[in-house]
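The structure under discussion appears below in the form of structure tokens.
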Amino acid sequence: MFQDQLAEKVRPFIDLIDDMRSIGIDKELPLPTIAVVGDQSSGKSSVLETLSGVALPRGTGIVTRCPLLLQLYKQTNNRQVLFHQYFPIDLTAQNVLAGKGVGICEDLITLKITSSTVCDLSLIDLPGITRVAVKGQPDDIGAHIKNLILKFIKNKRTIILVVVPCNVDIATTEALKMAQEMDPEGTRTLAILTKPDLIDPGAEKNVLEIVHNRVIFLNMGYVIVKCRGQKQIDENMSITHAIEEELEFFRNHEHFRSLLREEKATTKCLATKLSNALVKQIKVSPTKHPTFICSPYTKCTLENMWSDHEVVHQVVDEYDQKHRGTELPGFSNYRVFQHVVQKLVAKLKIPAMTTLQKIRGNISLPPCIQDSLCPHGFFIFSNIVKARIGEQFEMEMLVYTQDEIFNKHLPKEEKAEGSDHNTRSKYPGLLKSYYEVQCNTSTVQYIVVQRLADQVPMLIHYFILKESAKIVCSEMLDLLHRDDTDIILQEDSEIGQYRAKLQAQADRLLLANDKISRHNVW
């Protein structure tokens, strides 16, 4: 009953993602998925066979030479239907895509499995990690495989399923190292420990430490499984029998039987965890992009605003050491305050220029379109914007604002100058200078940040967007008075290809939007 309820909740979400992938939306948007990564001979194929109920191709060396998308569909009847996209379920598909031999290919092969014994799930099997090339393999085969794996697992929406044998040092496995590179927080990595029957006597406690997340912490944790070994495969043990034997193994194991109660053991437990994790990842809305111009720079300036206490102390100390003469310590100087503000304002110039570069990148067009529309270049005003932003920061170095605006933003306790409750009177000597400069600096900096948060985007918007649009319009009007207008207006082949590409993207997005509305899973 529980499994039926789970399937009823899970299937619509997985169907939606599979539909999105089938129409090619993954070319425009990163789709949630599960990628299976493991060293050669880690037991990866055995795990996938147990999950799918289908015997996958086996052999020596690199057997998986193309990414394999396993689509598992749970049905109530016992009928099993296999659908292998374009090719039968053997090595033929890989030979067609990757060529005969030992090469690899990035093209995805799809295997759809419908059965009453599987859990609703979709995952991608990737080639096993190898370090040394064997006969017939290119010398850099390891690098090729690593690049292929990284292409899949760098996607922030991808759950990384790392397969690690129990009888090796987990910290040295290449698969886990790669996962940690792409997911340093361990928030989207789940590890499978295989081959528990091969553990040396006395090492069981070490494995339990790993499973209980005390060695290398992963937010999604660990699951330990026991699949068919080579001897059982040679003896033609069925996958169904292997699942039954796996359960008995953990039930009777002196050290691992407790993991059943904790739902950290068996392939069945793994399948449920993966289904729930994938649906959770699908439900999570993609991070919204910041507002076109204002948000990135505003966020950056506000974040910088509250991290500058050390600058205040440093400047006050330097002035006190170098410039104080006969006056007593603790009497602040306006030049100290001015120097602090100038130093802090200068720090905001880099993010301003970075924002300019980002906006340029976001609205860049192919060279062929730029050349045909505007010989002078679409971004003729970019240098002007850069200069204007520079001028804006030079003006901010004057440390200027109206008195009433300054007083308006002062802390309440500081507005009553001379009052018995004046906060700065609580601080003796040099501490008083620190507080006074910090208070005044924070006030001016807040005003400057608000000013820059508007001014920088306005400069970019005016010169990059509005004025450059005028240039384009002017250039297009000039074309009407030229004798070679017909020749100029002939579509360049590169432009035609680019337009066709954009049209195909638009068609895919429209189709995806239609499918999302039909699924209505939310």
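Just add 475 to wherever you are in the sequence shown, counting from 1, and you've got this note's numbering.
The beta-carbon is built from N, C-alpha and C at its ideal position, and this holds for glycine as well.
The structure displayed is predicted, hence computed values, not measured ones.
Backbone CA spacing between residue i and residue j [nearest angstrom]
{"i": "residue 544", "j": "residue 949", "result": "52 Å"}
{"i": "residue 918", "j": "residue 883", "result": "9 Å"}
{"i": "residue 658", "j": "residue 757", "result": "18 Å"}
{"i": "residue 885", "j": "residue 941", "result": "37 Å"}
{"i": "residue 869", "j": "residue 914", "result": "23 Å"}
{"i": "residue 554", "j": "residue 586", "result": "Model confidence at residue 554 stands at a pLDDT of 48, short of 50, so the residue's coordinates are unreliable; what they give is reported in the following sentence. Distance between the alpha carbons of residue 554 and residue 586 is about 16 Å."}
{"i": "residue 726", "j": "residue 493", "result": "36 Å"}
{"i": "residue 650", "j": "residue 706", "result": "26 Å"}
{"i": "residue 958", "j": "residue 951", "result": "14 Å"}
{"i": "residue 832", "j": "residue 489", "result": "38 Å"}
{"i": "residue 739", "j": "residue 523", "result": "17 Å"}
{"i": "residue 865", "j": "residue 926", "result": "14 Å"}
{"i": "residue 570", "j": "residue 584", "result": "Unreliable placement is indicated for residue 570, whose pLDDT of 48 sits below 50; the coordinate value is still reported in the next sentence. C-alpha separation (whole angstroms): 12 Å."}
{"i": "residue 465", "j": "residue 746", "result": "Nothing in the structure corresponds to residue 465, since the chain is present only between 476 and 997."}
{"i": "residue 625", "j": "residue 653", "result": "8 Å"}
{"i": "residue 668", "j": "residue 980", "result": "41 Å"}
{"i": "residue 518", "j": "residue 509", "result": "17 Å"}
{"i": "residue 877", "j": "residue 811", "result": "20 Å"}
{"i": "residue 970", "j": "residue 977", "result": "11 Å"}
{"i": "residue 605", "j": "residue 645", "result": "16 Å"}
{"i": "residue 536", "j": "residue 623", "result": "In this prediction, residue 536 scores a pLDDT of 48, lower than 50, which makes its location untrustworthy; the coordinate-derived value is nonetheless stated afterwards. Rounded to the nearest angstrom, the two C-alpha atoms are 17 Å apart."}
{"i": "residue 702", "j": "residue 546", "result": "20 Å"}
{"i": "residue 750", "j": "residue 741", "result": "15 Å"}
{"i": "residue 824", "j": "residue 937", "result": "19 Å"}
{"i": "residue 581", "j": "residue 499", "result": "15 Å"}
{"i": "residue 692", "j": "residue 729", "result": "25 Å"}
{"i": "residue 712", "j": "residue 521", "result": "12 Å"}
{"i": "residue 984", "j": "residue 754", "result": "22 Å"}
{"i": "residue 608", "j": "residue 672", "result": "29 Å"}
{"i": "residue 503", "j": "residue 737", "result": "40 Å"}
{"i": "residue 628", "j": "residue 635", "result": "6 Å"}
{"i": "residue 666", "j": "residue 724", "result": "20 Å"}
{"i": "residue 827", "j": "residue 857", "result": "13 Å"}
{"i": "residue 920", "j": "residue 863", "result": "20 Å"}
Per DSSP, the bridge partner or partners of residue i
{"i": "residue 508", "result": "633"}
{"i": "residue 666", "result": "637 and 697"}
{"i": "residue 740", "result": "699"}
{"i": "residue 548", "result": "589"}
{"i": "residue 543", "result": "584 and 600"}
{"i": "residue 514", "result": "604"}
Per-residue burial, residue i [other beta carbons within 10 Å of its own, 16 or more giving buried]
{"i": "residue 495", "result": "buried"}
{"i": "residue 965", "result": "exposed"}
{"i": "residue 710", "result": "exposed"}
{"i": "residue 982", "result": "exposed"}
{"i": "residue 662", "result": "exposed"}
{"i": "residue 891", "result": "Unreliable placement is indicated for residue 891, whose pLDDT of 49 sits below 50; the coordinate value is still reported in the next sentence. Flag for residue 891 reads exposed."}
{"i": "residue 911", "result": "buried"}
{"i": "residue 972", "result": "exposed"}
{"i": "residue 695", "result": "buried"}
{"i": "residue 829", "result": "exposed"}
{"i": "residue 721", "result": "buried"}
{"i": "residue 916", "result": "buried"}
{"i": "residue 901", "result": "No answer about residue 901 holds up, because its pLDDT of 48 lies below 50 and its placement is not dependable."}
{"i": "residue 961", "result": "exposed"}
{"i": "residue 993", "result": "exposed"}
{"i": "residue 809", "result": "exposed"}
{"i": "residue 561", "result": "With a pLDDT of only 37 at residue 561, under 50, the local geometry of the prediction cannot be trusted, and no value is derived from it."}
{"i": "residue 988", "result": "exposed"}
{"i": "residue 880", "result": "exposed"}
{"i": "residue 595", "result": "buried"}
{"i": "residue 603", "result": "buried"}
Range of the contiguous alpha helix (DSSP H) that encloses residue i
{"i": "residue 620", "result": "616-628"}
{"i": "residue 579", "result": "Careful: residue 579 lies outside any alpha helix (DSSP H) and carries neither H nor E."}
{"i": "residue 863", "result": "857-871"}
{"i": "residue 709", "result": "705-709"}
{"i": "residue 882", "result": "878-884"}
{"i": "residue 685", "result": "679-686"}
{"i": "residue 727", "result": "714-727"}
{"i": "residue 821", "result": "809-822"}
{"i": "residue 522", "result": "519-527"}
{"i": "residue 649", "result": "649-657"}
For residue i, the first and last residue of its enclosing beta strand (DSSP E)
{"i": "residue 599", "result": "596-600"}
field: Cβ contact check for the region 514-526 and the region 632-644: 3 or more pairs under 8 Å
entry: Counting C-beta pairs closer than 8 Å gives three or more between the region 514-526 and the region 632-644, which meets the contact rule.
message: With three or more C-beta pairs closer than 8 Å as the rule, is the region 607-626 touching the region 523-530?
response: The region 523-530 is not in contact with the region 607-626.
message: For the region 716-723 against the region 680-696, do three or more pairs of beta-carbon atoms, one drawn from each stretch, fall closer than 8 Å, so that the two count as touching?
response: Counting C-beta pairs with one atom in each stretch, the region 716-723 and the region 680-696 have fewer than three that are closer than 8 Å, which means they do not touch.
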